[in-house]
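Student: Counting with UniProt numbering, you get residues 1 to 401 for the letters of the sequence shown.
This structure is in structure tokens; I'll ask about it shortly.
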Amino acid sequence: MILDEPTNHLDNDTIDWLEEYLNSRKGSLLMITHDRYFLDRVTNRIIELDKGRLFSYDGNYSIFLEKKMERLSLEASIEDKRQNLIRTELAWVRRGAQARSTKQKARLQRFDELINRDSFKPDENLDISVASSRLGNKIIEIHNIYKSFEENTVIDNLEYTLTRTDRIGIIGKNGMGKSTLINILNGEIEPDSGYISIGETVKIGCFSQDDSHMNIDMRAIDYVKEASDYIETSDGTRITASQMCERFLFNGTMQYTLIGKLSGGERRRLHLLKILMTAPNVLLLDEPTNDLDIETLKILEEYLDEFKGVVVTVSHDRYFLDRICNKIFAYEGNGKIHIYTGNYSDYLIYREIQGIEFEESKKESVKKDDSTTLKKEKPKNDKKLKSHIMNKGSLKILTLI
């Protein structure tokens with residue numbers, strides 16, 4: 001079986017089903033995916049394409065991370081030795097070495113090979129702790145909003161006040177109205193009743209799933225500069241649009257590539273970068289991880305780690321929800337949105353506890369019904385009736401003979 005990004009656009013319930021199916025299925029599986037939890041739970045070998053080279057690792061994604069760190073450490077050590085050898089050989093050449101003997105010719109040839117060999121270049125860490133606009137006490141207040149499409153209720157009287165520390169993940173099955181909530185917060189859609197009140201200092205940056213507005217005849221760097229030529233970090237350092245492009249994996253050549261020639265994933269990455277260049281203090285993200293490679297996801301997560309504002313995101317990426325969110329808005333049918341404190345894993349624990357409590361309450365209800373029924377029943381012939389009561393935990397079983 002060959003799968004290309006199988007979890008893109010699937011809701012979490014469907015992803016869980018797909019994981020169970022693939023794990024129970026016999027036969028080989030080859031897939032491309034950037035879903036890290038999916039990789040962890042389904043795969044037993046990872047093949048990584050890195051700077052034009054393929055690397056194979058036995059194990060799932062967690063093991064891959066460990067082995068990749070070992071590989072990078074080894075490559076860095078080899079590069080250090082190469083640089084030391086180059087310095088030694090360069091000093092020898094500068095002393096006036098001449099290729100008179102065969103041995104000297106061979107040494108000069110080795111020096112040329114050392115110089116021309118591809119060097120190990122570790123990923124550069126550019127500080128992207130961007131200083132966002134000042135955020136006042138009032139951010140966004142949601143006042144009892146209701147929204148439906150024809151007879152389908154997607155938001156049923158939601159009331160909530162966002163705080164400065166909120167990192168909200170919106171989850172639910174496809175078609176329930178998650179993107180609708182983002183569009184209402186952004187002012188793109190009006191609720192049928194209720195209203196949204198936004199603070200005066202709020203500067204919203206909204207990343208949608210639609211990139212059709214992008215001018216395909218514009219160069220990537222010019223598209224980013226439409227937002228700003230530079231941004232400032234929290235310590236006052238200026239980062240140019242070109243530097244931010246580099247940080248988001250657009251090298252010098254790609255920055256001058258027409259948008260129409262970029263892949264779908266590259267366009268989404270560029271769209272996201274332009275929004276971040278506006279230095280918002282409230283980010284509304286609609287499925288931001290779709291079509292992004294793992295390196296870009298890491299960069300985005302690092303940016304959000306340093307981001308001082310509010311984040312509201314619709315996502316089916318469970319790893320992303322665990323990493324970024326501290327509250328979960330869960331669509332649970334008929335427009336009802338339940339709010340849970342914690343990340344996605346915490347939400348799953350809450351749901352499991354709720355399920356256990358629900359099953360226990362059903363058992364208690366059955367016990368009460370059985371007890372009431374037994375009290376109401378009167379045996380017709382007491383002389384022929386014998387009763388045996390057996391205790392099994394808290395449940396009493398009455399056997400009539």
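C-beta atoms are modelled at their ideal positions from N, C-alpha and C, and glycine is treated no differently.
Please read all numbers here as calculations on a predicted model, not as lab measurements.
I196 and G335 look like a contact to me (Cβ under 8 angstroms); what is the Cβ gap, rounded to whole Å?
Tutor: That pair is no contact at about 16 angstroms.
Student: On a CA-only basis, which of T43, N290 and R134 is nearest L10? Give me that one, please.
Tutor: Of the listed residues, the one whose Cα sits closest to L10 is N290.
Student: Pull the bridge partners of F149 from the DSSP assignment, please.
Tutor: DSSP output for F149 lists N152 as bridge partner(s).
Student: Check whether the region 172-190 and the region 339-358 touch, using three or more Cβ-Cβ pairs below 8 angstroms as the test.
Tutor: As far as the Cβ criterion goes, the region 172-190 does not touch the region 339-358, which means the pair count is below three.
Student: Use the C-beta contact count for H338: other C-beta atoms within 10 angstroms, 16 or more gives buried, fewer gives exposed.
Tutor: The residue in question, H338, is exposed, as its Cβ has fewer than 16 Cβ neighbours within 10 Å.
Student: Can you list, in chain order, the residues of its chain with a C-beta nearer than 8 angstroms to that of L3? Leave out the 5 residues immediately preceding and following it.
Tutor: Correct list, in chain order: L29, L30, M31, I32 and T33.
Student: Could you tell me whether the Cβ atoms of E301 and R323 are closer together than 7 angstroms?
Tutor: Going by C-beta atoms, E301 is nearer than 7 angstroms to R323.
Student: With 16 as the cutoff for other CB atoms within 10 Å, does N343 come out buried or exposed?
Tutor: Burial call: buried.
Student: Where does K81 land, buried or exposed, given buried means 16+ other C-beta within 10 angstroms?
Tutor: K81 comes out exposed.
Student: Is DSSP giving E66 helix, strand or coil here?
Tutor: Three-state result, E66: helix.
Student: Can you tell me whether I401 is buried or exposed? The criterion is at least 16 other CB atoms within 10 Å of its CB, across all chains shown.
Tutor: Below a pLDDT of 50, predicted positions are generally treated as unreliable, and I401, at 32, falls in that range; the measurement from the model is reported next regardless. So I401 ends up on the exposed side.
Student: Ignore the nearest five residues each way along the sequence and tell me which others in L304's own chain have a CB closer than 7 angstroms to its CB.
Tutor: Hits under 7 angstroms: V311 and I324.
Student: Tell me whether E20 sits in a helix, a strand or coil according to DSSP, three-state version.
Tutor: In the structure shown, E20 sits in a helix (DSSP, three-state: H, G or I).
Student: Buried or exposed for G52, please, with buried defined as at least 16 other CB atoms from any protein chain shown within 10 angstroms of its CB.
Tutor: With fewer than 16 other Cβ atoms within 10 Å, it is exposed.
Student: Relative to the C-alpha of K327, which candidate in V224, G59, I299 and L162 has its C-alpha closest?
Tutor: It is L162.
Student: For F38, which of helix, strand or coil comes out of DSSP?
Tutor: Of the three classes helix, strand and coil, the one that applies to F38 here is helix, per DSSP.
Student: Leaving out five residues on either side along the sequence, give the residues of the same chain with a beta carbon under 6 angstroms from the beta carbon of G59.
Tutor: Closer than 6 angstroms at the Cβ level, and outside the excluded window around G59, lies no residue.
Student: Helix or strand or just coil, what does DSSP make of R269?
Tutor: Residue state, collapsed to three classes: helix.
Student: By the three-class DSSP mapping on this structure, what secondary structure does E48 have?
Tutor: In this structure, E48 counts as strand in the three-state DSSP scheme.
Student: Apart from the five residues just before and just after E159, which ones in its own chain have a Cβ nearer than 7 angstroms to its Cβ?
Tutor: So the qualifying residues of the chain are I142, H143 and N144.
Student: Quick one: what's got a C-beta closer than 7 angstroms to R134's C-beta in the same chain, skipping five residues either side?
Tutor: Excluding residues within five positions, the ones whose Cβ falls inside 7 angstroms are T201.
Student: Just checking my contact of C245 with V224 at CB under 8 angstroms: how many whole Å lie between their CB atoms?
Tutor: That pair is a contact at about 6 angstroms.
Student: Just reading off the alpha helix (DSSP H) that T180 is part of, what are its end residues?
Tutor: K178 to L185 is the span of the alpha helix (DSSP H), which, as asked, contains T180.
Student: State the beta-bridge partners of residue 425 as determined by DSSP.
Tutor: Residue 425 lies beyond the range of the chain shown here (1 to 401); nothing can be said about it.
Student: For the alpha helix (DSSP H) holding G252, just list the boundary residues, first then last.
Tutor: Run containing G252: G252 to Q255, per the alpha helix (DSSP H) assignment.
Student: Give me whichever residues DSSP pairs with A330 in a beta bridge.
Tutor: Paired residues: I171 and H338.
Student: What's the gap between the Cα of D13 and the Cα of K173?
Tutor: Taking the straight line from one Cα to the other gives about 7 angstroms.
Student: Could you give the DSSP three-state label for F120: helix, strand or coil?
Tutor: Because F120 sits at a pLDDT of 49, beneath the cut-off of 50, its placement in the model cannot be relied upon, and the following sentence gives the value as read from the coordinates. DSSP places F120 in coil when its eight states are reduced to three.
Student: Can you grab the Cα-Cα spacing for the pair M69 / L276, in whole Å?
Tutor: Looking at the two C-alpha atoms, the distance is approximately 29 angstroms.
Student: With distances taken between CB atoms, is the gap from I198 to I140 smaller than 7 angstroms?
Tutor: Contact flag set, yes.
Student: Exposed or buried, what is A220 when buried is set at 16 or more other beta-carbons lying within 10 Å of its beta-carbon?
Tutor: Counting Cβ neighbours within 10 Å, A220 comes out buried, since at least 16 surround it.
Student: What does the Cβ neighbour count give for G169, buried or exposed, with the cut at 16 atoms within 10 Å?
Tutor: So G169 counts as buried.
Student: What distance in whole Å lies between the Cβ atoms of K274 and residue 462, which are believed to be in contact at a cut-off of 8 angstroms?
Tutor: Since the first residue of the chain shown is 1 and the last is 401, residue 462 is not available in this structure.
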